[in-house]
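So the structure is just underneath, and the comments pick up after that.
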Amino acid sequence: MHLDKEVLRVKVVRLVSQILFFGIFLFFVSQGKTIFWLALFAVFLIATIFFGRLYCGYVCPMGTLMRLSEFASKKLHLQSDKVLRILKSKALPWIVLVMSALSMVASRKVLHKEIPILLILLAISFVMTLRYKPYVFHNHVCPFGALLSIPGRLSVKSVKVDQTGCIGCKKCEKVCDAKAIEVDKGTKKAFVNKSMCHQCQACVAVCPVKTIKYM
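So this is what it looks like as structure tokens:
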């Protein structure tokens, strides 16, 4: 019963945060003030060094919309485990980042208007998650995720596993949208990749032996 309450608490906190920031995102975009959202991202980028990738877990509008996309995909049985080779490239998110930045600059200089890059990325994340599991976009396409992965690997605070108590049940693996936590096949113990972890604490909530903590 206690575990069920903890799972519910984590889900509610995350959902409320995502809805709030999604509203803020839509407001900035509707007002043509996407620069303000990028400024907010910059704040979280710096904060990642201290608190991990909280932006991905609680703030990112793409992550929020992808939850709806994944829900629809599961209901319609659309998701596939087969991922195109190009979507596995480590260079792809950096290419997307460069192309997005160049497009934003060029549109202002040449067209004298702003191409809605953030909305385009939002649409791409939604469509992709209808076909693939969330980690594909998070880890192999998202330019924001690529940037956050750098300070993420250096973060002071992060979700961590006390391996002495881990029973290797793999419940944490099943709830991780970023594939940031895995149970080692040899040791049968879970470990967290800080550079990929969204700090959503879904794994913390489902751990039956309470060996996963944000600290």
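Just so you know, we're using my numbering here: the sequence shown kicks off at 24 and counts up by one.
In this text, a Cβ means the ideal position worked out from N, Cα and C, and glycines have one as well.
{"Query": "Quick check on residue 205: does DSSP put it in helix, strand or coil?", "Result": "strand"}
{"Query": "The alpha helix (DSSP H) spanning residue 194 covers which residue range?", "Result": "194-198"}
{"Query": "Check residue 133 in the structure and name its three-state DSSP category.", "Result": "helix"}
{"Query": "Let's test the definition: count the other Cβ atoms within 10 Å of the Cβ of residue 173 and tell me whether it reaches 16, buried, or not, exposed.", "Result": "exposed"}
{"Query": "So for residue 213, helix, strand or coil by DSSP?", "Result": "strand"}
{"Query": "Quick one: residues in its chain with C-beta nearer than 8 Å to the C-beta of residue 111, no 5 flanking neighbours on either side, listed in chain order?", "Result": "163"}
{"Query": "Under a Cβ-count criterion, where at least 16 other Cβ atoms within 10 Å of its own Cβ denotes burial, should residue 58 be classed as buried or exposed?", "Result": "exposed"}
{"Query": "Are the Cβ atoms of residue 87 and residue 50 separated by less than 8 Å?", "Result": "no"}
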